[in-house]
Amino acid sequence: MNEVVQVKWDKVKAPFETDVESDNISENTEMIPFDTSVSGSVLLASMLGNIICWNAALIKVGELESSPLWPIYGSAILNGSVNKADVDWTDSRLPLSDRRIAFTSLQISLIFAASFAGAGFFVLPATWIMRALGTRRTEIILAVATAALAALTPLATMTDFWLLLVVRFIQGMCISNPYPVISVIISTWTAANENGIFLAILTGYVQLSAVFTTPFCIYISHQFGWPSIFYFQAIYIMFLTIIWTLAYRDDPETHPLVGEHELNKISANKHNRTVSIHGDQSNTAVEPTNLQVIRTPAVWVCCVAAFAYITSIQFSITFTVMYYVWILKYPILTAGLISSIPLLSQYLIQFVTNICSDRIRFVTEHTKIRVCCTLALSGCATGFIVTSFIDPQYRILSTTVTVIGLSCLGFNSDGFPKSAVLIGPQKPVLVMSCVQAILTLGLFCGSFIVPGLTPDRTAEQYHVFFRVYGGLLIIANVLFVVFCKAKVIDFTQNFKKSVC
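Sequence positions in the sequence shown follow the numbering used here and run 87 to 586.
Take a look at the structure:
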C-alpha cells in the first residue's frame with residue numbers, strides 16, 4: 087500500500103520539480119548576456135587603459151628631480167649653467183625605474199597622437215578581420231598583442247623615441263574597433279527591450295578605464311617605479327582576455343550555458359534569431375553599398391556628434407589634471423582626484439539614463455535620443471562657456487562648473503551611440519566603424535588642439551579653448567537634433583531618394 091501511495095505522489099510532484107528546475111536554469115542563463123557585456127566592457131576598458139596609463143607614466147618618467155642624477159646636476163640646472171637636455175638621464179648603468187626623460191611638449195603630443203593615429207589607420211582592417219575571424223577571436227588577438235606591447239613599453243621608452251612611437255602606433259591599432267565590437271554584442275546578445283542598459287555598460291568602457299587606470303597607476307608608479315605601470319597592464323589585460331575567451335561567443339546558440347528560453351528572449355522583435363556581423367538583410371533584396379551608408383545624413387550626424395563628444399571626453403581624461411594644476415593651482419594628487427569625479431558621474435548617469443529610457447514608453451525613441459544628446463553636448467558646452475568667464479582665483483566655483491559640465495556627457499550613451507545602433511541593422515559594423523573612425527580622428531586632433539590653444543598655459547588661453555570647444559559642442563548638437571533618426575534605415579531606398 088505504501089508503495090502505491092509513493093508512486094502516486096511521485097507522479098504528482100514530478101511536474102512541479104521540473105518547473106522549479108527549469109526556473110532555476112532560466113534565472114541562471116538570463117545572466118549570460120549581462121556577463122558577456124560586462125566582460126566586453128572591462129576588456130575594452132583595459133585595452134584603452136594601456137593608452138591612458140601614459141598620463142601617470144609621463145608624470146613619473148619626466149620627474150627629473152627624483153632621478154639619482156639630480157643631486158649631481160640639479161644645482162647647475164637651476165642656475166642655468168647646465169641645460170637639462172644635455173644630461174643623459176637614461177644612463178644604462180641606472181636601474182630602469184630610475185631612468186628619466188625630459189620630454190618636450192611636441193614629444194608628449196606625439197606620444198598620445200601616435201596611438202590615435204594607429205587606431206584611425208586600422209579601423210577598416212579591424213572590421214575586415216572581424217568579418218573573417220569573428221569578434222571573439224579578433225579581440226583575443228588584439229588583446230594579446232596589447233599585453234605584449236605593454237610589457238615592452240618601458241624598454242622601448244628608454245631605447246629610442248621613434249621606437250616608442252612605433253609601439254604606441256601598434257597599441258593604437260589594437261583599440262581601433264570598440265564601437266564595432268559594441269554593435270555586434272548588442273545585435274547578437276541583447277533583447278530588443280534591453281538595448282539601453284547594455285549600451286550603458288558597453289559604452290561606459292571609456293569612463294571605466296580612466297576612473298580605474300589613472301589613480302591606480304599613479305599609486306603603483308610611486309610605490310614600485312614607472313615601469314611597473316606597464317607590467318601591471320600586461321598582466322591585467324591577459325587576465326581579462328581569458329575571461330573574455332570563456333564568457334563570449336559570436337553566436338549565442340553556440341554558448342554552452344545559453345538555453346532555448348534565453349535565445350527566444352534575445353531574438354524577440356528581431357527579424358532573425360540573431361543579427362550577425364554581416365548585418366540583417368531580411369528586409370532588402372540588394373545589400374547596400376558602403377557609399378550608400380556613408381552618404382546617409384543620419385549616419386554622418388552621428389559622426390559629427392561623436393567628434394564633439396570624444397574631444398571633450400579626451401579633455402576630461404587627459405588634460406583636466408593639467409588645467410587644475412597649472413591654472414587653478416591644486417596639488418597634483420588633489421587634481422587627480424577631482425578629475426576622476428566627472429568620469430565616475432558620467433558612468434553613473436549612463437546607467438540611470440539608459441535604465442529610465444528602457445522603461446519610458448510614452449516618449450518616442452527619436453525624442454529620447456534628441457533630449458539625451460542635448461543634455462550631453464549642450465550641457466557640457468554650457469559648463470565650458472560659463473567657466474571661460476570665471477576668474478581662476480574663484481577656483482571652487484570654476485571647479486564646480488567644470489565638473490558639472492563634464493558630468494553631463496554621461497547622458498550621451500542614449501544619444502548618438504543608440505541612434506547608430508537603431509539605424510544600422512542592415513550594416514551594423516560599417517555604421518559603427520564610421521563612428522569609430524571619427525572618434526579616433528577626434529582623439530588624434532585633440533592631442534594637438536588643446537596644447538595648440540594653450541601653449542603658454544595661461545588662464546586666458548584656457549578660456550579661449552573653453553569657448554572653442556563650447557561652440558563645437560553646440561553646433562554638433564544642433565545638427566544631430568535636426569538630422570538624427572531612431573529607426574531602421576533602408577540605405578538602398580534612402581540613397582535613391584537622396585540622388586533623385
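Positions of the beta carbon are idealized from the N, C-alpha and C atoms, including for glycine.
Point to revise | Continuous alpha helix (DSSP H) stretch holding R217: start and end | key: V209 to L219
Check your understanding: Helix, strand or coil: which one does DSSP assign to T239?
Key -> If DSSP states are grouped into helix, strand and coil, T239 belongs with the helices.
**Study point:** Exposure label - I158; buried when at least 16 CB within 10 Å
**Key:** exposed
Check your understanding: Below 8 Å, can you find three or more Cβ-Cβ pairs linking the region 413-422 to the region 556-569?
Key -> They do not touch, by the three-pair rule.
Practice item. Classify F577 as buried or exposed, calling it buried when 16 or more other Cβ atoms lie within 10 Å of its own Cβ. Key: buried
Exercise for review: Look at the alpha carbon of L129 and the alpha carbon of G160, and state the distance between them as a whole number of angstroms.
Suggested key: 43 Å
Review point. Whole-angstrom Cβ separation of G204 and F255, contact assumed at under 8 Å?
Key: 4 Å
Practice item. Just confirm the distance between the C-beta atoms of I429 and I403, as a whole number of angstroms; I'd bet it's less than 8 Å. Key: Reading off the sequence shown, one finds Leu at residue 429, where the question assumed Ile. At roughly 7 Å, the Cβ-Cβ gap stays under 8 Å, so L429 and I403 are in contact.
Practice item. For Q479, name the three-state secondary structure that DSSP assigns. Key: coil
Check your understanding: Looking at C-beta atoms only, is the number of pairs between the region 261-277 and the region 133-145 that lie closer than 8 Å three or more?
Key -> yes
**Study point:** Beta-carbon gap between I268 and L285 smaller than 9 Å
**Key:** Here I268 is near L285, since their CB atoms are less than 9 Å apart.
Practice item. Note the first and the last residue of the continuous alpha helix (DSSP H) segment covering A472. Key: It is Val, not Ala, that sits at residue 472 in the sequence shown. For V472, the enclosing alpha helix (DSSP H) covers residues E451 to T473.
Check your understanding: With 16 as the cutoff for other CB atoms within 10 Å, does T213 come out buried or exposed?
Key -> buried
Exercise for review: Please state whether DSSP places A188 in a helix, a strand or coil.
Suggested key: coil
Point to revise | P342 - DSSP class collapsed to helix/strand/coil | key: coil
**Study point:** W312 and A545 closer than 9 Å at C-beta
**Key:** no
Check your understanding: For the region 490-502 against the region 277-294, are there 3 or more C-beta pairs whose distance is under 8 Å?
Key -> yes
Practice item. Take the Cβ of A199 as the centre, count every other Cβ of all protein chains shown within 10 Å, and call the residue buried at 16 or more, exposed below. Key: buried
Exercise for review: Could you check how far apart the C-beta atoms of N440 and G282 are, in whole angstroms? I think they sit under 8 Å.
Suggested key: 3 Å
Review point. So what's E149 in DSSP terms, helix, strand or just coil?
Key: coil
**Study point:** Straight-line gap, L144 to Y409 (C-alpha atoms, nearest Å)
**Key:** 16 Å
**Study point:** In chain order, each alpha helix (DSSP H) run of at least 4 residues that lies wholly inside the region 423-454
**Key:** none
**Study point:** Reduced DSSP secondary structure (H/G/I, E/B, other) of N563
**Key:** helix
**Study point:** Nearest neighbour of V124, chosen from W412, F302, S183 and T327 [CA to CA]
**Key:** Ranking W412, F302, S183 and T327 by Cα distance to V124 puts T327 first.
**Study point:** Expected contact under 8 Å - CB spacing of I490 and G469 to nearest Å
**Key:** Their Cβ separation, rounded to whole angstroms, is 6 Å, which keeps I490 and G469 in contact under 8 Å.
Check your understanding: If we ignore side chains and look at the alpha-carbon of each, how far apart do C459 and C303 end up?
Key -> 32 Å
Check your understanding: DSSP three-state call for G528: helix, strand or coil?
Key -> In the displayed model, G528 falls within a helix according to three-state DSSP.
Review point. Roughly how many whole angstroms lie between the Cα atoms of F569 and F393?
Key: Roughly 16 Å between the two C-alpha positions.
**Study point:** Through-space distance from S201 to V252, alpha-carbon basis
**Key:** CA-to-CA, the gap between V252 and S201 works out to about 9 Å.
**Study point:** CA-to-CA distance, D246 to S183, given in whole angstroms
**Key:** 16 Å
**Study point:** Reference T232, options H308, S191, G220 and M133, closest by Cα
**Key:** Ranking the options by Cα distance to T232, first place goes to M133.
Check your understanding: Less than 9 Å separating the beta-carbons of I226 and G126?
Key -> no
Check your understanding: Counting pairs of beta carbons, one from the region 373-393 and one from the region 521-530, are three or more of them closer than 8 Å?
Key -> Between the region 373-393 and the region 521-530, the count of Cβ pairs shorter than 8 Å is three or higher; the stretches touch.
Review point. Considering only the beta carbon of each residue, do A131 and F298 sit closer than 9 Å?
Key: yes
Check your understanding: Buried or exposed: where does D172 fall if 16 or more other Cβ atoms within 10 Å of its Cβ makes it buried?
Key -> exposed
Point to revise | Beta-carbon proximity of S505 to I446, cut-off 9 Å | key: No; because the gap between Cβ atoms is not below 9 Å, this pair is not in contact.
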